[in-house]
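**Student:**
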Amino acid sequence: MTALTEAPVAVEVDGLTLSGPSGPLVTGVALDVKAGECLGLVGESGSGKTLTVRAIAGLLPRGISRDAGRVDTADARVGMVFQDPMRSLNPTFTIRRTMREPLVQHHALSRRAADSRALELLNDVGITDARRVADSYPHQLSGGLRQRVLIAAALACDPRVLLCDEPTTALDVTTQATILDLLQRLREERELAMLFVSHDLAVISQVSDRVAVMYAGQIVEAGPTSEILRAPRHAYTAGLLRSSPSAGDPDEPLFAIGGTAPQRIGDLTGCRFASRCPWAATECTAGPVEFTRLGERQSVRCVRPADVAASLSLPAESGGWPRVTEDLDGDS
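Its first residue numbered 1, the sequence shown is counted upward by one per residue in the numbering used here.
(1) Count the other C-beta atoms from every protein chain shown that fall within 10 angstroms of the C-beta of Gln140, then say buried if there are 16 or more, exposed otherwise.
(2) By the three-class DSSP mapping on this structure, what secondary structure does Thr269 have?
(3) If we count the other Cβ atoms within 10 Å of its Cβ and call it buried at 16 or more, is Gly350 buried or exposed?
(4) Can you give, in chain order, each stretch of the beta strand (DSSP E) that sits fully within the stretch 130-189 and has at least 3 residues?
(5) Taking all protein chains shown into account, do 16 or more other C-beta atoms lie within 10 angstroms of the C-beta of Gly48, making it buried, or fewer, making it exposed?
(6) In angstroms with no decimal places, state the Cα-to-Cα distance between Pro61 and Pro21.
(7) Quick check for students: name the residue ranges of the beta strand (DSSP E) that lie wholly in the stretch 44-70, counting only runs of 3 or more.
(8) Tell me which residues share the same chain as Cys271 and place their Cβ nearer than 8 Å to its Cβ, disregarding the 5 neighbours each side in the sequence.
(9) When DSSP labels each residue in this structure, what does Glu252 get in the three-state scheme?
(10) Would Leu16 be called buried (16 or more neighbouring beta carbons within 10 Å of its own) or exposed?
(11) How close, in whole Å, do the beta carbons of Asp158 and Arg77 come, if the pair is a contact with beta carbons under 8 Å?
(12) Relative to the C-alpha of Leu39, which candidate in Gln83, Glu221 and Thr94 has its C-alpha closest?
(13) Work out the CA separation of Gly295 and Leu182 for me, nearest whole Å.
(14) Would you kindly work out how many angstroms separate the C-alpha atoms of Gln217 and Val29, rounded to a whole number?
(15) In chain order, what residues of the same chain have a beta carbon less than 7 Å from the beta carbon of Arg293, not counting five sequence neighbours either side?
(16) For the beta strand (DSSP E) containing Gly20, name the first residue and the last one.
(17) Does the ligand FMN have even one heavy atom less than 7 Å from the beta-carbon of Val161?
(18) List the endpoints of the continuous alpha helix (DSSP H) containing Pro102.
(19) Contact defined as beta carbons within less than 8 Å: I believe Gly126 pairs with Arg148. What is the distance between those atoms, to the nearest angstrom?
(20) By the 10 Å Cβ neighbour count, where 16 or more other Cβ atoms means buried, how is Gly63 classified, buried or exposed?
(21) Alpha carbon to alpha carbon, how far is Asn90 from Gln105?
(22) Determine the contact status of Glu252 and Gly36, defining contact as a CB-CB distance below 8 Å.
(23) With Leu195 as the anchor, note down where its beta strand (DSSP E) starts and where it stops.
(24) Output the distance between the C-alpha atoms of Ile56 and Leu150, rounded to the nearest integer angstrom.
(25) To the nearest angstrom, report how far apart Arg131 and Leu155 are at their CA atoms.
(26) So, under 8 Å CB-CB, Val53 and Val33 are touching, yes? Tell me the CB distance rounded to an integer number of Å.
(27) Count the other C-beta atoms from every protein chain shown that fall within 10 angstroms of the C-beta of Gly79, then say buried if there are 16 or more, exposed otherwise.
(28) So, are the CB atoms of Met194 and Leu162 less than 8 Å apart?
(29) I need the straight-line Cα distance from Ser243 to Phe255, nearest angstrom please.
(30) Do you know how far the Cα of Val173 is from the Cα of Pro262?
(31) Is Pro224 near Arg233, with beta carbons less than 8 Å apart?
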């Protein structure tokens with residue numbers, strides 16, 4: 001596989017802003033993914049992850065508009081793997097028909113050639129009894145097999161960019177592991193640029209080279225996955241990590257970030273996490289917070305990243321998370 005430092009950028013997004021009937025939903029998103037690289041996009045439900053991916057694929061839902069920004073895929077084909085295979089596959093079509101359609105439409109293959117190629121693709125994703133699966137309907141297959149079919153369908157047009165929208169969320173842990181291994185193998189073999197959406201930091205740590213953390217429609221932190229998970233510089237990222245259950249102490253109480261995410265981001269002028277942040281000060285809400293480079297590879301949207309970094313050395317019983325102050329005066 002081409003060294004990632006030398007690989008060409010396969011997809012680039014700059015200044016992406018999306019809106020719905022109630023106002024802005026995603027603002028100023030910028031990211032890029034190189035050939036052979038996996039960028040993890042992580043955040044809680046409603047943070048804008050799926051809308052960002054759908055904007056790249058040109059599949060925005062009705063009522064959602066792209067108001068600003070650039071999406072450049074360098075003329076590469078884009079494939080997408082959706083979250084729920086049962087809802088993504090047409091229940092009235094056999095798998096053979098589902099696989100055949102893009103091959104006939106986009107590659108101008110005959111029905112016979114398309115059926116032959118479909119069987120090859122099903123074999124490529126580890127389906128050993130491809131003919132039986134091809135003649136089956138979605139409800140006749142297990143969740144793992146349905147997800148493999150979706151991956152095969154996403155590869156039908158030989159994409160250079162693969163968008164994965166929480167592709168393992170609906171699967172059990174064992175099946176999830178096999179699908180992650182499959183995606184990793186396909187990425188390496190085909191030098192795919194992969195954008196992998198998840199709310200699960202454990203999954204992101206397994207599959208991604210870099211990670212971008214989204215909160216309330218913005219990317220708030222980005223950098224190499226190992227560095228972000230080891231030393232986060234944004235309070236939201238630190239809170240996500242503190243919220244992960246500990247395998248070492250089953251009796252340890254679960255940590256939760258206080259408060260709730262803002263419902264309307266158009267009215268916010270400063271940091272969108274300020275109302276939930278232990279380190280928030282008046283400067284955090286005084287105006288827009290820029291996405292600032294820290295060192296060579298890590299960037300953060302925060303005016304007090306050093307305070308977040310210092311919290312990592314707090315005693316374990318404190319959870320590394322001071323009591324949230326309500327007056328935003330900077331005291332912790």
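Every residue gets a Cβ at the ideal spot worked out from N, C-alpha and C, and that includes glycine.
**Tutor:** Result, derived from the coordinates:
(1) exposed
(2) Three-state DSSP puts Thr269 in coil, outside helix and strand.
(3) Outside the displayed span of the chain (1 to 332) sits residue 350, for which this structure offers no information.
(4) 161-165
(5) buried
(6) 12 Å
(7) none
(8) Cys277, Ala280, Cys284, Thr285, Val289, Arg301, Cys302 and Val303
(9) Correct three-state label for Glu252: coil.
(10) buried
(11) 6 Å
(12) Of the candidates Gln83, Glu221 and Thr94, the residue whose Cα lies closest to the Cα of Leu39 is Glu221.
(13) A straight-line Cα-Cα distance of about 34 Å links Leu182 and Gly295.
(14) Gln is not the amino acid found at residue 217; the sequence shown has Gly there. Each residue's alpha carbon lies about 8 Å from the other.
(15) Ser299
(16) Run containing Gly20: Val9 to Gly20, per the beta strand (DSSP E) assignment.
(17) As for the ligand FMN, it is missing from this structure, which has no ligand bound.
(18) Ile95 to His107
(19) 6 Å
(20) exposed
(21) 17 Å
(22) no
(23) Ala193 to Ser198
(24) 18 Å
(25) 18 Å
(26) Incorrect: roughly 11 Å between the Cβ atoms, too far for contact.
(27) Classification of Gly79: buried, given that the 10 Å Cβ count is 16 or more.
(28) yes
(29) Rounded to whole angstroms, Ser243 and Phe255 show a C-alpha spacing of 5 Å.
(30) 32 Å
(31) With a cutoff of 8 Å on beta-carbon distance, Pro224 and Arg233 are scored as not near each other.
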